[in-house]
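A quick write-up on the structure given underneath.
In the UniProt record's numbering, the protein residues as written are 1 to 98.
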């Protein structure tokens with residue numbers, strides 16, 4: 001995940017520079033684009049940190065991770081089954097085609 005963190009830091013730095021250039025030139029589009037890149041870089045770094053935490057937690061407590069994954073799968077399956085039980089109100093579906 002170090003490459004993801006590095007890419008995020010680079011994206012954040014590019015965003016800072018672009019936003020500063022937009023401030024200097026009075027270009028609102030460059031300011032917004034720079035801020036978006038900066039936030040994207042921060043989000044990418046947070047994702048990398050979260051992935052590291054999940055990986056470490058899974059290695060420390062594999063049965064807890066398995067139980068959580070099974071629970072999430074059960075909930076998603078129940079939601080999907082509930083969604084299929086709804087009436088379609090006469091609308092056709094892609095499965096109805098010959």
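Glycine residues also receive a C-beta, built at the ideal position from the N, C-alpha and C atoms.
Could you spell out where the alpha helix (DSSP H) holding residue i opens and where it closes?
i          : result
residue 55 : 28-60
Taking only the alpha-carbon atoms, compute the straight-line gap between residue i and residue j and give it to the nearest angstrom.
i          : j          : result
residue 75 : residue 50 : 22 Å
residue 64 : residue 78 : 21 Å
residue 20 : residue 46 : 23 Å
residue 9  : residue 31 : 18 Å
residue 53 : residue 66 : 16 Å
residue 72 : residue 38 : 32 Å
residue 42 : residue 6  : 11 Å
residue 36 : residue 27 : 14 Å
residue 22 : residue 29 : 7 Å
Quick test of your reading: residue i and residue j, contact by CB under 8 Å. State the CB separation rounded to the nearest angstrom.
i          : j          : result
residue 44 : residue 11 : 6 Å
residue 82 : residue 48 : No, residue 82 and residue 48 are not in contact; Cβ-Cβ is about 35 Å, not under 8 Å.
residue 40 : residue 18 : That pair is no contact at about 12 Å.
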